[in-house]
Amino acid sequence: MRGDEEWSTVAQLVRAAAERYGDREAVVEGRTRLTYAGLGARVERAAAACMASGVEPGDRVAVWAPNTLDWIVSALGAVTAGAVLVPLNTRFKGAEAAYVLDRCRAKLLFVTGTFLGTSYVASLRRAATGLPHLEKVVVLADTAPEDYVTWKDFLAAGEGVPAAAVRARADAISPSAPSDIIYTSGTTGRPKGAVISHAQTLRCYAVWSELAGLREGDRYLIVNPFFHTFGYKAGVLACLMRGATMIPQPVFNVDTVLANIAAERVSVLPGPPTLHQSLLDHPARAAHDLSALRLVVTGAAVVPLQLVNRLRTELHIATVLTAYGLSEASGIVTMCRRGDPPETIAATSGRAIPGTELRVLAAPGEPGEILVRGFHVMRGYFEDPAATAATITPDGWLRTGDVGVLDEAGNLRITDRIKDMFIVGGFNAYPAEIEQLLGLHPDVADVAVIGVPDPRLGEVGKAYAVRRPGATVTADDLIAWSRREMANYKVPRAVEFVAELPRNASGKVVKGELRRRAVSGT
1 MRGDEEWSTV
11 AQLVRAAAER
21 YGDREAVVEG
31 RTRLTYAGLG
41 ARVERAAAAC
51 MASGVEPGDR
61 VAVWAPNTLD
71 WIVSALGAVT
81 AGAVLVPLNT
91 RFKGAEAAYV
101 LDRCRAKLLF
111 VTGTFLGTSY
121 VASLRRAATG
131 LPHLEKVVVL
141 ADTAPEDYVT
151 WKDFLAAGEG
161 VPAAAVRARA
171 DAISPSAPSD
181 IIYTSGTTGR
191 PKGAVISHAQ
201 TLRCYAVWSE
211 LAGLREGDRY
221 LIVNPFFHTF
231 GYKAGVLACL
241 MRGATMIPQP
251 VFNVDTVLAN
261 IAAERVSVLP
271 GPPTLHQSLL
281 DHPARAAHDL
291 SALRLVVTGA
301 AVVPLQLVNR
311 LRTELHIATV
321 LTAYGLSEAS
331 GIVTMCRRGD
341 PPETIAATSG
351 RAIPGTELRV
361 LAAPGEPGEI
371 LVRGFHVMRG
381 YFEDPAATAA
391 TITPDGWLRT
401 GDVGVLDEAG
411 NLRITDRIKD
421 MFIVGGFNAY
431 PAEIEQLLGL
441 HPDVADVAVI
451 GVPDPRLGEV
461 GKAYAVRRPG
471 ATVTADDLIA
481 WSRREMANYK
491 VPRAVEFVAE
501 LPRNASGKVV
511 KGELRRRAVS
521 GT
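First residue of the sequence shown: 1, per the UniProt record's numbering; consecutive thereafter.
What follows is the structure in structure tokens.
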């Protein structure tokens, strides 16, 4: 671990990075190239503006915007002013954003103007009635409605706050104070806010940076959304720790990824397996210079071994790692280590990070619910003691709701979410395990499996698959192949080919949408 003696809060990290890496490039966004010293100055200016707007230590400040330099500056500015950051999912509709803003009693909101053809401002205005705690909305643009404030005017209002006052506010933050509240995606009901402290965040991502081998001078394309731990903490904060250059990309588009990697000599590209798969399969891949890529970190229940091998052999990426985490554990629980064999990286999510205990509620080698205990487990869900008590045991174990298997070396293999398991004639079937096997088929680019009702067996598997370009594999072909490769109860009884799988902004397949599709037949 390097540098952790210099900072115990996010505010101290920003200042230390500005001092240590001053002239090094911090953020590249289009024609804008900002040094670490320049980023530090902008963050302090944003912090001063937050203070001028009445933000007090512990107040919640939300950001609802895509991956941009303004997101980085506004978020870090709020945290430097002692606020608790609440990132909002860019896929939220107005009512969903308003629910979180109301639930956390946000005092200030930074919002993008228009993104992906949607006016977030208009969406918010339609839904924002009844938000008595929201005192100010800052639009990260040059124009704003009458009752909102532009980014430029917001920053100008902070010019009367002395730099010494900003420093004093930042220095007063306790490492044990909350740094952020990460709201869950709400796949099992209303979103709940996991409260994470400065100390937890910094210790976790110092570990992440060390295990990944992130280093000064790396150029890091951040496609993972900033509202997600993987984008903000394993992205922005990890870069601040190591002096890497951040290249934020607001929308995942494989053509833009290829262009960015080539133009900016990108060396680090974390993301979901689908990102790397689409990169490998792109017909124009050979036209781009991807030779600077050296580090890929991915994570999902299913990471095909073929993907790991292709990244290493076709793109010559020296380090490919997998990891597992969840918001309630600061985003990281296990991680592979550099030097692990490809089979371990593809088939498991690695071993517990230092300072973490891991349990599986099952016999050795059998799947069971994963429990986690350690320094990184959230203090609880924001103002929700009932949900907290249902999730964290009295002796501090976090019930993850994920199902997994631990091998003898301590590597964790995720088999599924508890709620995604289905029972075929008395046998527990785990979609992620079936997906892992189907992903080995040479003509399958992407696949998701759900359980559907069956009059004889109770439930059976149905696969939604994406063919590789040029492939002609049929449903009967894939079912016949499955019968040779897996136990009978695991074999999907139906296969439907689709152009792409429905995914949320975090890259996870939205199984609920597939279940609805299966029921409606559309």
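Here a beta-carbon is modelled for each residue, glycine too, at the ideal position from N, C-alpha and C. Here the structure is a predicted model, which means the values were calculated and not measured.
C-alpha gap between residue i and residue j, whole angstroms
i, j, result
"Leu155", "Arg242", "28 Å"
"Gly521", "Val452", "12 Å"
"Phe230", "Met246", "14 Å"
"Asn309", "Thr344", "12 Å"
"Asp102", "Glu408", "46 Å"
"Ala52", "Ala165", "11 Å"
"Ala362", "Glu369", "8 Å"
"Phe226", "Ile434", "31 Å"
"Gly331", "Tyr183", "12 Å"
"Leu406", "Pro385", "31 Å"
"Tyr205", "His376", "10 Å"
"Arg215", "Asp477", "46 Å"
"Pro394", "Ser8", "28 Å"
Cβ shell of residue i (< 6 Å), same chain only, five flanking positions each side left out
i, result
"Arg515", "Ile450"
"Val268", "Asp218, Tyr220, Leu295"
"Ala18", "Tyr36, Ala37, Gly40"
"Arg493", "Val460"
"Gly410", "Arg351"
"Ala75", "Val63, Leu85"
"Gly396", "Arg373"
Three-state class that DSSP yields for residue i in the structure shown
i, result
"Thr348", "coil"
"Thr143", "coil"
"Leu280", "helix"
"Lys490", "helix"
"Glu96", "helix"
"Pro132", "coil"
"Glu366", "coil"
"Phe497", "strand"
"Met378", "coil"
"Arg294", "coil"
"Trp7", "coil"
"Val14", "helix"
"Pro87", "strand"
"His151", "A small correction: the amino acid at residue 151 is Trp; His does not occupy that position in the sequence shown. Here Trp151 sits in helix by DSSP."
Exposure label - residue i; buried when at least 16 CB within 10 Å
i, result
"Thr201", "buried"
"Gly77", "buried"
"Lys192", "buried"
"Arg31", "exposed"
"Lys152", "exposed"
"Leu126", "A small fix is needed here, since residue 126 is Arg in this sequence, not Leu. Under this definition Arg126 is an exposed residue."
"Gly425", "exposed"
"Lys159", "It should be noted that the sequence gives Glu, not Lys, for residue 159. Classification of Glu159: exposed, given that the 10 Å Cβ count is below 16."
Same chain, Cβ closer than 7 Å to residue i, neighbours up to 5 away in sequence not counted
i, result
"Val73", "Arg42, Val43, Ala46"
"Leu437", "Glu485, Met486"
"Thr256", "Gln249"
"Tyr430", "Pro367, Val403, Thr415, Asp416, Met421"
"Val320", "Val296, Val308, Leu311, Arg312, Ile345"
"Gly374", "Gly355, Thr356, Glu357"
CB contact below 7 Å: residue i versus chain D
i, result
"Arg105", "No chain D is part of this structure, which consists of one protein chain only."
Residues of its chain near residue i, where Cβ-Cβ distance is below 8 Å and the 5 sequence neighbours each way are ignored
i, result
"His288", "Leu258, Ala259, Ile261, Ala262"
"Arg285", "Leu258, Leu279"
"Val251", "Pro66, Leu116"
Any non-hydrogen atom of the ligand ZN closer than 6 Å to residue i Cβ
i, result
"Glu383", "With respect to the ligand ZN, the structure shown offers nothing to examine, as it has no ligands at all."
Just list the alpha helix (DSSP H) runs in the region 228-253, keeping only unbroken ones of 4 residues or longer that don't cross its boundaries, in chain order.
238-242
Which whole runs of the beta strand (DSSP E) in the region 414-471 are 3 residues long or more, in chain order?
422-424, 427-429, 444-454, 458-467
In chain order, what are the residue ranges of uninterrupted beta strand (DSSP E) at least 3 long that sit wholly in the region 153-227?
178-183, 193-197, 219-222
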